[in-house]
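Report on the structure given below.
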Amino acid sequence: MNAELTVVVLTANEYETILDLWQQAGLPVRPTGRDSREQFVEQMARGLQTVIGVRDGARLVGVVVTTHDGRKGWINRLAVHPEYRRRGIGRQLIAEAERVLHDQGMQIIAALIEDENEASLTLFESAGYSDYPGLHYVSKRDRHDV
Numbered sequence: 377m378n379a380e381l382t383v384v385v386l387t388a389n390e391y392e393t394i395l396d397l398w399q400q401a402g403l404p405v406r407p408t409g410r411d412s413r414e415q416f417v418e419q420m421a422r423g424l425q426t427v428i429g430v431r432d433g434a435r436l437v438g439v440v441v442t443t444h445d446g447r448k449g450w451i452n453r454l455a456v457h458p459e460y461r462r463r464g465i466g467r468q469l470i471a472e473a474e475r476v477l478h479d480q481g482m483q484i485i486a487a488l489i490e491d492e493n494e495a496s497l498t499l500f501e502s503a504g505y506s507d508y509p510g511l512h513y514v515s516k517r518d519r520h521d522v
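Position in the sequence shown (first residue = 1) + 376 = my numbering.
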């Protein structure tokens, strides 16, 4: 591992590398749905998301996606390669995502965390986020794989 990790804004050209990191990190991936190359490229082209990465040399070891709806910012798809966990990379990605979203005018930033992902919940809580148990996430999907 290099002594210095670098934070970079990623492009749609790095789709396969990002998808591979999500899979290595254990994130559920829907490559025929919302995580498809076509959707990923379209969302980036429309300016709907910023994808931030952390590199160790040329190797992508961390990634996070930011989005917003004009009033609330979202931190999505945060992943750190298993070999690089517990080194502050997740916290670094959250801080950079917050900077991007604040620069875009967002004053509320949120994240959705799956129930079984205790490590992620602990990370976000340590970064100052609060769990709101009275809220429910509901969605309606065109297909099960989106």
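Ideal Cβ positions, reconstructed from N, Cα and C, are used throughout, including at glycine. Quick caveat, the model's predicted, so the values are computed rather than measured.
Name the two residues that bound the continuous beta strand (DSSP E) containing residue i.
{"i": "L454", "result": "449-456"}
{"i": "V385", "result": "381-385"}
How about residue i and residue j: do their beta carbons lie closer than 8 Å?
{"i": "L397", "j": "H457", "result": "yes"}
{"i": "L436", "j": "T393", "result": "yes"}
{"i": "I465", "j": "V430", "result": "yes"}
{"i": "G423", "j": "R519", "result": "no"}
{"i": "R467", "j": "A503", "result": "yes"}
{"i": "Q480", "j": "H444", "result": "yes"}
Starting from residue i, trace the alpha helix (DSSP H) in both directions and tell me its first and last residue.
{"i": "T393", "result": "391-400"}
{"i": "R431", "result": "That residue, R431, is in no alpha helix (DSSP H); its beta strand (DSSP E) goes 425-432."}
{"i": "R413", "result": "413-421"}
Report the option in the options whose CA atom is closest to the CA atom of residue i.
{"i": "S496", "options": "S515, V514, V440, R435", "result": "V440"}
{"i": "V384", "options": "G433, P404, Q419, Q399", "result": "G433"}
{"i": "I428", "options": "P509, A471, G510", "result": "A471"}
{"i": "Q425", "options": "R453, T408, R406", "result": "R453"}
{"i": "L403", "options": "T498, E390, G438", "result": "G438"}
{"i": "M482", "options": "D507, T442, F500, S515", "result": "T442"}
{"i": "Q400", "options": "E380, A421, R461", "result": "R461"}
{"i": "W421", "options": "V405, P407, N389", "result": "The question names Trp, yet the displayed sequence has Ala at residue 421. Checked all of V405, P407, N389; the closest Cα to A421 is N389."}
{"i": "E474", "options": "E490, F500, D491, E492", "result": "F500"}
{"i": "Y508", "options": "S515, R406, V405, D491", "result": "D491"}
{"i": "Y391", "options": "V476, L469, Q419", "result": "Q419"}
{"i": "R517", "options": "R406, L381, H478, S506", "result": "R406"}
- Item | Runs of beta strand (DSSP E) lying entirely within the region 436-512, each at least 3 residues, in chain order | Taking only runs of at least 3 residues, the beta strand (DSSP E) segments lying wholly in the region 436-512 are 449-456, 485-487.
- Query: Is there contact between the region 480-491 and the region 448-457, where contact requires at least three CB pairs shorter than 8 Å?
  - Reply: Touching, yes.
- Message: Does the region 405-422 come into contact with the region 456-472, if we say contact requires no fewer than three beta-carbon pairs (one atom in each stretch) closer than 8 Å?
- Response: Judged by pairs of C-beta atoms under 8 Å, the region 405-422 does not touch the region 456-472, as fewer than three such pairs exist.
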